[in-house]
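J.: A single structure is presented below for examination.
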């Protein structure tokens, strides 16, 4: 008879422990499902935001491309003025370079004579 009580207590204790374990697992499972739902909502919002940002980036790229194309074709008179100014600056640099070369050659001649 003693073994009957021991086994009954052990079985009832196992059933009570299984009940509490099952309840704990069920609550954790529900919390996980709720968190997954929240994560999917946040992921959807993130995808919408990324799409909006991509569209804005494409619009900005189009605007920048249009601005670059507008700058690529300057006015003809401005181009002529710029080229003449650049030619004058280049001629001035060439003349300074020639003068430095003449001075260097004079110095070398002074050493060799």
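In UniProt numbering, the protein residues as written are 1 to 113. A virtual CB, placed ideally from N, CA and C, is assigned to each residue, including glycine.
(1) Under the three-state reduction of DSSP, which class applies to residue 34: helix, strand or coil?
(2) I need the boundaries of the alpha helix (DSSP H) containing residue 77, first residue and last residue.
(3) Who are the Cβ neighbours of residue 63 in its own chain at under 8 Å, not counting the five residues just before and after it?
T.: Here's the rundown:
(1) helix
(2) 76 to 112
(3) none
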